Each structure stands twice: as structure tokens, then as C-alpha cells.
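Residue numbers (the numbering used here): 185 to 886.
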């Protein structure tokens, strides 16, 4: 589909961080995104927007005596847009990504400079540019929280002002704004768009309250991306009110009117009122951004079928009850152009030679590969592609880390953000389990494996950083123990990113998707691995459920508790230490970690991980441990049957048509935006008389 769209974002100077592994620990270095420059971006200074912070609101009366409110911000910065073209694949449509860069109104105060206050002369410039300096600043401290809220509002305000400007250029009023613009709130980070759109409509464009609320409710939709309670964003009233006083007033009034509706619908249900209120009245009082988004959104959507079911039944059950049909599902997808055609050219050539190239724009065409699963030459060619990709990766890690790996080993891969719920430590427990077996029986023959990990831990996330240290410490011991006889190798990819993903997804034999059931909203790495012929070992979590259904239960290695079993176990009282006492293999692994063998005798280093697992284990590693080990045994046995494994690999790729982003975008267009395709018909031999398709000066006037 050719959907007219604008992607709004922030033009960050620095990314989150570059990750370096030093003595096994993650070290954060600055990631200079803008340092090399971007030849594709076009600065549009005439479309700049002013964004305010702080100050106060005041009442005034118009010439006609109408009572109005306006915001008097304490400071104002300028958002300057930079446009990056985003061309479609073999179509004439070119949408654009509009990224906002923060600049000061006055970049240099000459009076301060002349009095010797050299810092004061550029203070406004420094404060303004800080807003777009770094992606995801550490929010452990108050200043980090404040900066994150400033970033969120800066993005929202610039983007809404821009959308309104574009609309008014073509239309006389904003009553039909929602017919031409739909704003998708991608998680709660831009949820402050709700009061900002209301403010712009009421205070700036002078629409009345009811008109503005109707326009807002018809314009905004909300995508939920997480089930984690700690990710349900809240802002303290003190911080929110100090930065956005007028917006807090609007939120209070919206919430008052909304709670009146709830009281009428559910009389006497005070508990429901407390749950659905945008304001959390427990101290310290805060603004619940999820509730704000749900209250205003035309639609709410989850990003996988199971995730959406959990939103309806649990996380957003009150909203589903009050607004039946408002919560919809749009399962995530990934683009096969990038994650197959670009990143895996060998596989792309093989598939195209077999079934033609239509699959690149219609991924359902991959189903034609199913008829080739008994074609011996095709099976050999498929296996050869995977082996050549593995040889490339083997050469890379030999060069980078001097690790020698036989490409015929099973390449077992887990690359994603390091987080306890994603359970990278369950994976490393498997590595240690195999290591203990080899040490106990030096003549033991196992399926050779290369375990590949990759991902970053948030700078302030203590446990995640310690998990990285555990992985690298185990790697150091296992990779250098001659008793292992090269049957096990462990490699942690430093600074894993999208570019490295182009190398990783094509080479994987096994995709580790092992989060506790009910924790992962969707995931997209699972899709990228399967598209490239990796088999999945995973739980019934996120998009795993749909992947398993599509590829076939027999082509997916399932283990672990399901959502209902997790809930029942929690309700019954989960005591992880019981699993430790009753499972000899698990006990041996935990004791080995605690012995200091992986830390040169330091028994305290991994004590926080051990204590957490023994006494809390919030993500139930111990409950799933034995099933995971048994499932990995099935993986090893099947990998020894090369023909069967290759067939399953082909079927994984052949049945991934559903997980194209093309399908996902079509569903958003139909279910959420009510947007129609607008193909651009352009005959390149019929240019305008002056030979110019558009005039920049006319664009600037807009």
C-alpha cells in the first residue's frame, strides 16, 4: 500500500550509548549519531515551531468579552525540522521522516559576554540544545526524569503544531482535522499529545472545550507496547505541573469530566474510579500516562494476539469493559526488504531463483517453498546458504575475539535488550549445565554449540549489567577449558545494533525467545530469525504464539509455563528455593556460580543474582528450568538429523508471510486510521514545462 504518512521524531545528537565490554563489564561510551553528518536530511528552518516550558496560565477576555485562558511559559525553545525522505519500494511514493532539533531563541547574549559572563552568554543555547542531545537519558535522578518529560513534550508540541499548520494551509478550519490527520501514540511517551492538542485547539485556535475534545478523540489512537508494570509511565504532579502548568489544568478538567461518566456508568464503584482515574492519588500524586492515552484514544491496540488478549482481560480490563471493541489487535511485522533481501543476499538469490521475486512485496508468496522440502538439490542449497552465513560469522568472531568455531556447530542465538524478564540468565544456566556435565564426564559427547548473546543493559539497571558480567565470565572459563574440547563456545557481541543484526539473523540455527509467558508484548527479533530459517525455542509469549501457529507446532520447540499456569503458581505461592532443593542439576549450577569458579574465587560478585533467584525469582527461571533443559535435549537430537532440520528451516521461512510489516501497515490503515492508499502516478517522460517536479520556495511558503 502507498499510504501518505509523516513520521515524527527527535533529531538526537547522541544515541543511547555505544557499548564496550571491559573486563566482562558493560561500559557506556557516547554514540555520536550526527558526527559523520547525514547527506539525506534537509533542514527546513521556515517551518520551525516554538515550544514553551514552565511559567503559568492566566485568564483574559477577548474583545467580545469571552473568557479565555493563555499560557505564559517561563522559557521558550525552537524546534527546527529536518526532513529525511523515505521512498517506497519500486513505487513513486516518497514519504518523509520529520525530525525536530532544539535550538535557542537567542544563541548568544552579547551583553553577558561583554560583562565577562562567558558561560551566561551561551547558557540559553546549552539549555535548549540539551533537550535533543541524548536518546533515553538516564532517569534514575530527578534531572533525568525532567529531561525525558521535556523531550516528550518537545516532540509532541512541534509535531502537532506542524500537523495543524499543514491542515490549515489546505482547509479553512480544524473541524475536519481528524479526516486528514491521524496521530498514532506509539506507547505512552507521546501521550502528552492529549492535553497539548486540547491546548492548541482551545487556547491558540479558540475552539470551545466540547469541540476540541471531539476533535482530539477522533484524531489520536494509542498503541500499547508493554505489560510490565514498571513501564506504565507516570509523572509526579510536582514535576508535571512545574514544566507544563496549563496542561496539568487541562488534564484535571478532562479527568473530572471523565470520572463523572464512570460514576454514571458504574454507580458506587469507587475502586473502579481509583483505577481509571488519570490522577493517581497515592502519595506522591502522579499523572498516569496510560490512563490519559486510553481516555482520549479513538482506538487502543496491542501488538500481538496474546498481548491484546491480556490487555483486554487484565492490564486494561476496565477500559475494555467501559468501551467494548475499542481495544484491537495489530500484530507487529518486519520488512522483508531489509531483514531478508538486504541482510541475507544468499538466501534471497536462492528463493528468487526458486519462486520468482514477487515474495519481496508479497511475503505470502514464500508459501511456494513448501513444495520444495522434498527436493534434494534445494535442501542442499538451503543448507549451504546457512553454512556460508555461519562461516562469515565464524571468521568475524575469530578476528574480533580469537574464538575458533566450527561452522558445523549449532549456532544458538539470543540478541535483545538485556532484562530479567527476557531471561538471558536462563540461557546461561543452560550453558553452565552442559559445562557441568562435561566436567563430570570428560568423555561425554554433546552436540557442539556456539552460544551467541548480544544486547545492552540500561545504564542504571544493576541486575541486567550483572547478567552481562555473568555471561562474559562464563564465556571466559568455558572457552578456555581444554576439557570442553571445543564442544561449547560462548560469545557476547559487544554493541549489538541493527547493522550487526544484518549478520546475526542470517547465520542463526536456533532462536532463543525464552521470556516468561505473559511478559513480552510481541517481539520482532523472533520474526526476523524465523524469516531467515532459524528454528525457535520459546515460551507461549508475545508473537511466539502466532509464529508457532503459523509455522506448525512440530516446527517450534515449546517449553515452559503458560500464562494461566504462571498466574496459578503465583497465587498458590511461588517458592523458588524448593526447586533448588529438589533439582540436583539446578542446584549444581547455582552452587557452581556461587563457588567463584567464574570469578577467580570472588564468591560475592554474583551473589545478588543467586539471592534474587533463590528467594524471589520474579520471572520464574527455576520453575521453567527443567522443561527448558529437556527441550534443549530435543533440539540437540534433531540438529543431528541434518535433513529433518533443514526441512523445518525451510518451513519456518515459507510460513512467515503473516509477519511482514506490509500486512501490519494494512491492518493499521483499515482498523485504526481509516486511511486509503494514494498511489502516486508519475510518468517520468511527462515532466512540467520547466522540468521541475516541485519548487522548494513554494514548499518553504507552506
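Note that CB positions come from ideal geometry on N, CA and C, so glycine has one too.
The model shown is predicted, which means the values in this text are computed figures rather than measured ones.
Which residue comes first and which comes last in the beta strand (DSSP E) that contains residue 364? Per DSSP, residue 364 belongs to no beta strand (DSSP E); it is in the alpha helix (DSSP H), 361 to 364.
Keeping to the same chain, check which residues put their C-beta closer than 8 Å to that of residue 850; ignore five residues upstream and five downstream. Closer than 8 Å at the Cβ level, and outside the excluded window around residue 850, lie 185.
Same chain, Cβ closer than 7 Å to residue 690, five either side skipped, listed in chain order: 527, 528, 531, 573 and 716
Please classify residue 478: does DSSP put it in a helix, a strand, or coil? helix
Opening and closing residue of the alpha helix (DSSP H) in which residue 612 lies: 608 to 624
Going by the CB atoms, is the gap between residue 719 and residue 833 shorter than 8 Å? yes
Taking the CB atoms as reference points, tell me whether residue 710 and residue 595 lie closer together than 8 Å. In this structure, the beta-carbon distance from residue 710 to residue 595 does not fall below 8 Å.
Which residues mark the beginning and the end of the beta strand (DSSP E) in which residue 286 is found? 278 to 288
Please state whether DSSP places residue 353 in a helix, a strand or coil. helix
Bridge partners of residue 409, per DSSP? Paired residues: none, contrary to the question.
For the beta strand (DSSP E) holding residue 675, just list the boundary residues, first then last. 672 to 677
Closer than 8 Å is the cut-off here; do at least three beta carbon pairs connect the segment 569 to 586 with the segment 613 to 624? no
Suppose you measure from the CA of residue 187 to the CA of residue 274; what does that come to, to the nearest Å? 14 Å
Give the straight-line distance between the Cα atoms of residue 562 and residue 525, rounded to the nearest whole angstrom. Cα to Cα, residue 562 sits roughly 19 Å from residue 525.
If you count every other CB in all the chains shown that lies within 10 Å of the CB of residue 192, and 16 or more means buried, which is it? buried
Hey, is the segment 250 to 265 in contact with the segment 365 to 374, meaning 3+ C-beta pairs nearer than 8 Å? no
To which residues does DSSP link residue 210 through a beta bridge? Residue pairing for residue 210: DSSP places it in a beta bridge opposite 205.
Cα separation between residue 842 and residue 550? 10 Å
For my contact list, residue 270 and residue 287 are in at a C-beta cut-off of 8 Å; report their separation, rounded to the angstrom. No, residue 270 and residue 287 are not in contact; Cβ-Cβ is about 24 Å, not under 8 Å.
Euclidean distance between Cα positions of residue 770 and residue 811: 12 Å
Going by C-alpha distance, which of 848, 760, 443 and 424 is nearest residue 706? 848
Just confirm the distance between the C-beta atoms of residue 620 and residue 813, as a whole number of angstroms; I'd bet it's less than 8 Å. About 11 Å separates the two Cβ atoms, so there is no contact after all.
Residue(s) in a DSSP beta bridge with residue 263: DSSP output for residue 263 lists 233 and 286 as bridge partner(s).
Suppose you measure from the CA of residue 447 to the CA of residue 438; what does that come to, to the nearest Å? 14 Å
Cutoff 8 Å; reference residue 327; Cβ partners in own chain excluding five residues on either side: none
Residues sharing a beta bridge with residue 244, DSSP: 252
Can you tell me whether residue 198 is helix, strand or coil according to DSSP? strand
Please tell me whether residue 796 and residue 520 are closer than 8 Å, where the distance is taken between their beta carbons. Pairing residue 796 with residue 520 gives a Cβ-Cβ distance that is not under 8 Å.
Chain-order list of residues whose beta-carbon lies under 8 Å from that of residue 492 (same chain, five-residue window excluded): 485, 486, 511, 512 and 513
If you scan the segment 414 to 496 from start to end, which runs of the alpha helix (DSSP H) of 4 or more residues do you find wholly inside it? 421 to 427, 429 to 449, 454 to 460, 473 to 480 and 489 to 494
Do the CB positions of residue 139 and residue 640 come within less than 8 Å of each other? Absent from the model: residue 139. The displayed extent of the chain is 185 to 886, so no value can be given.
Between the alpha carbons of residue 373 and residue 683, how many angstroms are there, rounded? C-alpha separation (whole angstroms): 26 Å.
According to DSSP, simplified to helix, strand and coil, what is residue 720? strand
Would you say the segment 778 to 786 touches the segment 745 to 757, given that touching needs at least three Cβ pairs under 8 Å? no
In three-state DSSP terms, what is residue 695? strand
Helix, strand or coil for residue 192 per DSSP? The answer is strand: DSSP assigns residue 192 an E or B state.
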